[in-house]
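Asks: What follows is a structure written as C-alpha cells; I'll ask about it next.
Protein chains: 2
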Amino acid sequence: MKEHLNKPIAISMGDAAGIGPEIIAKAFDAAPELTRGCFVVGDVATMRRATALISGKALVLPVAAIESAGEVSTVPPRCIPVLQLGTLKELVPFGQLSASAGRLAAECVVWAANAALRGDVAALVTAPLHKEALALAGPPHSAYPGHTEMLQALSAAHVGKSVVDLPVRMMLANDELRVVLVSIHVALREALDAVTLDNVSQTLRITHDSLQALLGRPPRIAVAGLNPHAGEGGLFGREEINVIAPAVAMARQQGMQVFGPFAPDTVFMRARKKSGQVGEFDVVVAMYHDQGLIPVKYLGVETGVNVTLGLPLVRTSPDHGTAFDIAGTGRADASSLLAAIRTARGLVSLR
Amino acid sequence: MKEHLNKPIAISMGDAAGIGPEIIAKAFDAAPELTRGCFVVGDVATMRRATALISGKALVLPVAAIESAGEVSTVPPRCIPVLQLGTLKELVPFGQLSASAGRLAAECVVWAANAALRGDVAALVTAPLHKEALALAGPPHSAYPGHTEMLQALSAAHVGKSVVDLPVRMMLANDELRVVLVSIHVALREALDAVTLDNVSQTLRITHDSLQALLGRPPRIAVAGLNPHAGEGGLFGREEINVIAPAVAMARQQGMQVFGPFAPDTVFMRARKKSGQVGEFDVVVAMYHDQGLIPVKYLGVETGVNVTLGLPLVRTSPDHGTAFDIAGTGRADASSLLAAIRTARGLVSLR
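So the sequence lines, in the order shown, correspond to chains Z and B. One point on numbering: in the numbering used here, the residue at position 220 of the first sequence is 229, and numbering is uninterrupted. One point on numbering: in the numbering used here, the residue at position 118 of the second sequence is 127, and numbering is uninterrupted.
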C-alpha cells in the first residue's frame, strides 16, 4: 500500500522578485494533469501577479488560498492552491534583491521540507531562490549558501543526526546526462580542497545507492579527474593518484561499478546518451560544480533537473536560477520546472 | 601576390605508437584535394605501416620519401610525401609509451616549426604526441608539457624575444563554439594562480586580434567567471571582482567588445551556434583547460580543431590525443585532423 503516492507535492515559490512564481503559474496552466495534487508554498498576492504574466489567455488562472496540505484535494481543477506563508508587506519589485523576498523564499523551503520530513507531502520541488537575497535574509537562513545546505540541516535535525553524518550530493540530470557533484556552492579554490578520499568515497556511495534505487539495477559510474587529462600520469597534478584512484579502487572492492578517473574533457561526452544509443555510463561523478554543470547545461537549460541525493525526502528543482533579468516580462520558460515535477513523481513512485 | 598560398603545409607525425600516423594516412586517402601540397614530417616506415591500417582498399596508398619541403610538388597525386626525420631503430609497438617515439615526435615538431618560421612552409598541422612520452624524451624536449609550449619557445627564439614577451593562447573550435584558454597544461591548482590581471588581459588582447583577423570584424568576446555562478557577487570567491571584471573593463576601454564575467555553467550554452542561429558571442574566454574543453568536446571530438593564437606562424591540430587504446586497430577517425588541415588553409588564405 503506497499511500505516499496520493500525498500532495509541495512547490516552494522561490524568490518573489525572480521567475519562480511565473514558471509555477505556467506549469499549472500548461500541465493540469502533471500538477494535479501539487500546491505552492508561498505568497498568494505574488502568485496572483504571476498568473497575469501568462499571455494570450482570456481567463487568468485562479489562485486558491489553502491552510494545510490536506486541503489540496478540495481545490477545484484549473486553480492554483497556495499555502500562504509569512507576510510580504507589499509586492516586491521584479528583478530586485531584497531581504524580505530572501526571507520568505527561505521560510517556504523550511515549511515544505518539514512537511516532507513529517510525511505530510510526498516530495518537495523548489523554485529558484536568489543566493544573495538568502544571504541578506538574516539568521538562520543566511547561514546557508543555498537550498541543498538548508535541506541537509533540516533533515539532519529531523533524524537527530549531525549534518556531517547526513552527507548529501547534488545530481543534475537531463534526457542525455546525469552528473553528481563532489562539492557545489563554494569558491573553486575551496572545491579543490574538498577533493578528499572521504568526500569522493562518500559521493560514490551516495551515487551508487541513489541510482540503484532510481534505475532498479547497479549504476555504471564514471569518475572525472580533477586536473587536465586527469593529471596525465601525475604531470599536471597528483589528486588523481593520491585521492581519486584510491577512492575508485575502494568503491570497486565494495562491489560498485565505478570506472576512472577519466580525462574531464571527454568523460561527459562518453557518458552522453545520444539519439537511440545509451551512453557508456549511467552517471558521471564530477569533482566540482562547473565541471559537471557545464556539460549538463550546454545543450540548453530547458529540461535540466536538480535532485538532492542522500536526503530522507524527495527533492527536485529546475536547474536554472531566478533570472532577475527577465523576471516580470512573461518570457520565463517552465520546461525545467515541469521536468522537475515529473522527476519528483518518478522518484516518489519508486520509494 | 600571396606566395605563401602555394607553399606546402607540414603535418608533424605525432607519437608513432599512437593514432597520428593512421589518421594522417586516412586524411590523404579520404581527401586528396584538401591534402594536395601537404607533407608529413616523420618516419617513412611508420607511415607505411599506417597506410596498411586503412581497410577495404585493394591498393595500399604509396609513401614517397622526400628530402625537403620543396620536393612536395614533385610527388605524384595519391601518394603521401614523407620527410624522414631522426632514426627509429625499429617500428615502435602500438599503444606503448617510449622515449624514442616521444623524441621523434618532438623532433618532427621542431623541424616543422622552424620550417614555418623560415617561411619554407605555409602552416603547421600537428598530429597528437603523447605528453608522458615527451617527458621521457629527454632534454630539451622534456622541458615542454606539450606542443604549445614548444612552439612558443621556438617562435620566441626565432624572433629574438623571451618567451614571456611572446604570449600565446590555445583556441579550440568546432562548428558550434570557439573557446580560448587562459591556461592549459597545468594542474588545476596552478591554473587558479594563473588567473591574474595580466594573464586575463593578455588573453583578451590575443583573442581580439586573432579573431579580428579570422572573422574580418571585431569579435564579440564572452568571458567566463572562475567560480560557480561567477562568484555570485563575491559569495563563492572573489577572483571575478578582483581580477576578471577589471580586465574586462580595461579591454572595453581599449575598444574591444568584451562581456562578462558570466556564470561558467551557462556562458558556453549562450555562445553556442545552434542550427541556423548565430550564438550570442563569437568566442568564449575560459579561465582554465577543462572549463573550455568540456563544452567544445561534449558533442563529440570528431570535428574539433586546436589553433595556437599569438604565434608568428599558423598552427592547427586535431583536438584529441594519441588514443593509445585503439592505436593499430584501424578504428581511428581522421575527421578532426581533416578539420585542422581545412582550418590551417583558411588561416593561411587570410594572412
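Note that CB positions come from ideal geometry on N, CA and C, so glycine has one too.
Please compile the residues from chain B whose C-beta is within a distance smaller than 7 Å of the C-beta of residue 195 of chain Z.
Replies: 245, listed in chain order.
Asks: Could you tell me whether the Cβ atoms of residue 274 of chain Z and residue 190 of chain B are closer together than 7 Å?
Replies: No.
Asks: Would residue 27 of chain B pass as a contact of residue 331 of chain B if the rule is Cβ separation under 7 Å?
Replies: Remark: C-beta atoms of residue 27 of chain B and residue 331 of chain B approach each other more closely than 7 Å.
Asks: Quick one: what's got a C-beta closer than 8 Å to residue 215 of chain B's C-beta in the same chain, skipping five residues either side?
Replies: 176, 177, 178, 189, 318 and 319
Asks: Within the present structure, is the beta-carbon of residue 127 of chain Z separated from the nearest heavy atom of the ligand MN by less than 6 Å?
Replies: In the structure on display, the ligand MN does not appear, and there are no ligands present to speak of.
Asks: Just curious, the alpha helix (DSSP H) that residue 109 of chain B is in, first and last residue?
Replies: Run containing residue 109 of chain B: 108-127, per the alpha helix (DSSP H) assignment.
Asks: Using the DSSP secondary-structure output, state which residues sit across from residue 369 of chain Z in a beta bridge.
Replies: This structure gives no information on residue 369 of chain Z, because the portion of chain Z shown stretches from 10 to 360.
Asks: By DSSP's criteria, residue 21 of chain B is part of a beta bridge. Which residues make up the other side?
Replies: B:50 and B:135
Asks: How would you label residue 61 of chain Z, buried or exposed, when you count the other beta carbons within 10 angstroms and need 16 or more for buried?
Replies: exposed
Asks: Measuring CB to CB, does residue 17 of chain B end up less than 7 Å from residue 130 of chain B?
Replies: yes
Asks: Less than 6 Å between C-beta atoms, sequence neighbours within five positions excluded: which residues of the same chain meet that for residue 10 of chain Z?
Replies: Because residue 10 of chain Z sits at a pLDDT of 43, beneath the cut-off of 50, its placement in the model cannot be relied upon, and the following sentence gives the value as read from the coordinates. Around residue 10 of chain Z: no qualifying Cβ.
Asks: What residue ranges within the segment 141-170 of chain Z form continuous alpha helix (DSSP H) runs of no fewer than 4 residues, ordered along the chain?
Replies: Counting only runs of 4 or more residues that sit fully inside the segment 141-170 of chain Z, the alpha helix (DSSP H) segments are 156-168, in chain order.
Asks: Less than 7 Å between the C-beta atoms of residue 35 of chain B and residue 343 of chain B, yes or no?
Replies: Residue 35 of chain B is a Cβ neighbour of residue 343 of chain B, given a cutoff of 7 Å.
Asks: Determine whether the Cβ of residue 289 of chain Z lies closer than 7 Å to any Cβ atom of chain B.
Replies: no
Asks: What is the DSSP secondary structure of residue 269 of chain Z, reduced to helix, strand or coil?
Replies: strand
Asks: Less than 7 Å between CB atoms is the rule here; does residue 46 of chain B satisfy it with respect to chain Z?
Replies: no
Asks: Please report the straight-line C-alpha distance between residue 93 of chain B and residue 286 of chain B, rounded to a whole angstrom.
Replies: 46 Å
Asks: Quick one: give me the first and last residue of the alpha helix (DSSP H) that residue 201 of chain B is part of.
Replies: 197-202
Asks: For the alpha helix (DSSP H) that residue 214 of chain B lies in, which residues bound it at each end?
Replies: Annotation for residue 214 of chain B: the continuous alpha helix (DSSP H) segment containing it runs 206-224.
Asks: Determine, using beta carbons only, whether residue 181 of chain Z comes closer than 7 Å to chain B.
Replies: no
Asks: Per DSSP, which residues does residue 41 of chain B bridge with? Please list them.
Replies: None; residue 41 of chain B has no bridge partner.
Asks: For residue 115 of chain Z, which option in Z:58, Z:143 and Z:278 has the closest C-alpha, if you only look at C-alpha atoms?
Replies: Looking from the CA of residue 115 of chain Z, the closest CA among Z:58, Z:143 and Z:278 belongs to Z:143.
Asks: Just to confirm my understanding: we take residue 53 of chain Z, look at its own chain, exclude 5 residues before and 5 after, and list those with CB closer than 8 Å. What are they?
Replies: 72, 74, 91 and 93
Asks: What do you reckon, are the CB atoms on residue 257 of chain Z and residue 269 of chain Z nearer than 7 Å?
Replies: yes
Asks: Let me know if residue 213 of chain B comes out buried or exposed under the rule of 16 or more other beta-carbons within 10 Å of its beta-carbon.
Replies: buried
Asks: What are the boundary residues of the beta strand (DSSP E) that includes residue 407 of chain B?
Replies: The question about residue 407 of chain B has no answer, for chain B in this structure spans 10 to 360.
Asks: Count the C-beta pairs between the segment 162-177 of chain B and the segment 259-269 of chain Z that are closer than 8 Å, then say yes if the count reaches three, no if not.
Replies: no
Asks: Quick check on this structure: which residue in Z:21, Z:183 and Z:329 has the alpha carbon closest to the alpha carbon of residue 352 of chain Z?
Replies: Z:183
Asks: Under the DSSP definition of a beta bridge, which residues are partnered with residue 93 of chain Z?
Replies: Z:51
Asks: Between residue 234 of chain Z and residue 277 of chain B, what straight-line distance do the alpha-carbon atoms span, to the nearest angstrom?
Replies: 21 Å
Asks: Could you name the residues of chain Z that residue 300 of chain B contacts, counting a contact when the two beta carbons are closer than 9 Å?
Replies: Those are 299, 300 and 303, listed as they occur along chain Z.
Asks: May I ask which residues mark the beginning and end of the beta strand (DSSP E) holding residue 190 of chain B?
Replies: Element bounds for residue 190 of chain B: 187-190.
Asks: Between Z:25, Z:139 and Z:119, which has its C-alpha nearest residue 98 of chain Z's C-alpha?
Replies: Among Z:25, Z:139 and Z:119, the Cα nearest to that of residue 98 of chain Z is on Z:25.
Asks: Please report whether the beta-carbon of residue 141 of chain B lies at a distance below 7 Å from any beta-carbon of chain Z.
Replies: yes
Asks: With a cut-off of 7 Å, does the C-beta of residue 202 of chain Z fall near any C-beta of chain B?
Replies: no
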